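Here the structure is laid out as structure tokens; the discussion comes afterwards.
Numbering (full-length UniProt numbering), first residue to last: 1 to 287.
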């Protein structure tokens, strides 16, 4: 996913040469498979959401067109893992995911995870600085199946309600059948208004951020172009233009100048635009 300076800017120059020859410029297309997570990723907004627009801008600068295929998050993850699609976003990194995917050094976003609660239930506010506080304070969370916090609940034997989808979780919290719901802050406020109505927004409060995490594109280890695209992305993001993007979005990796430049010489070059093409219901046009 990234480019670097000096000698290993060479791959970036190669892309430019291919553009001039008509290869990439003719429409080399990458399909990303993603799920609904408004306002970051969604079929219902211009640009398909904030994160989708970032990915489109970055890869356009790299010489690619992109298409977004919307499926369930579980299917997006699995189809990328097995190589049906080359990449999916936006995901947190973990040891398990690093073993399953090529994860770039450079993120595409930060996720600020906060706890949402009803003010009527906690009129003096709610101070939660970590998951251990849920046990200490006797707070019962509601969550969504397959979300990142399930592992944290399980490690601590926290008695959590788990809903099948986000709307069910919000309605569960609104009915005061649970005390707290963890969600990315901007996403949470939008979901709340969409599912419960804008008139109820003032009835809820949030904790201080529990975590602020980097979010990444996951590139398939089983797709013929996964490794190269991951490294091209990283190399590009270390260029002056890539740094302009990361500064605009406040996602720059600290001490980026000390990062090792990706070595692309042994990574297979991409051959044909059709190699990334995959058909699926829900495929969206180029942004």
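Yeah, the Cβ is synthetic: ideal placement off N, Cα and C, and Gly gets one too. Predicted model, so just to flag it, every value in this text is computed and none were measured.
With a cut-off of 8 Å on the beta carbons, I'd call residue 87 and residue 217 a contact; round off their distance for me. Indeed, because the Cβ distance is near 5 Å, the residues count as touching under 8 Å.
Take the Cβ of residue 120 as the centre, count every other Cβ of all protein chains shown within 10 Å, and call the residue buried at 16 or more, exposed below. Label assigned to residue 120: exposed.
What is the residue span of the beta strand (DSSP E) that residue 31 lies within? 29-34
DSSP three-state call for residue 239: helix, strand or coil? Three-state DSSP puts residue 239 in coil, outside helix and strand.
Given a cut-off of 9 Å on the beta-carbon distance, is the pair residue 117 and residue 179 in contact? yes
Classification of residue 197 by the beta-carbon crowding that lies within 10 angstroms, buried from 16 upward: exposed
Kindly indicate which three-state DSSP category residue 50 falls into: helix, strand or coil? helix
Look up residue 58 in the DSSP assignment and say whether it is helix, strand or coil. helix
Neighbourhood of residue 223 by C-beta, 6 Å cutoff - its chain only, sequence neighbours within 5 removed: 83, 86
Express the C-alpha separation of residue 147 and residue 4 in angstroms, rounding to a whole number. Note that residue 4 scores 30 on pLDDT, short of 50, meaning its location in the model is unreliable; the coordinates nonetheless yield the value given after this. Approximately 34 Å, taken between the alpha carbons.
Per DSSP, which one or two residues make a beta bridge with residue 219? 87, 102
Determine the direct distance from the alpha carbon of residue 220 to that of residue 81, and round the result to whole angstroms. 5 Å
Starting from the C-beta of residue 215, find all residues in its chain whose C-beta is less than 8 Å away, skip the five residues before and the five after it, and write them out in chain order. 51, 89, 90, 91, 92, 107, 108, 109, 110, 111
Through-space distance from residue 232 to residue 204, alpha-carbon basis: 43 Å
Compare the C-alpha of residue 39 against each of 194, 242, 243 and name the closest. 194
Three-state secondary structure assigned by DSSP to residue 296: Any answer about residue 296 is impossible in this case: the structure gives the chain only from 1 up to 287.
When DSSP labels each residue in this structure, what does residue 41 get in the three-state scheme? strand
Applying the criterion that 16 or more other CB atoms from any shown protein chain within 10 Å of the CB defines a buried residue, is residue 160 buried or exposed? buried
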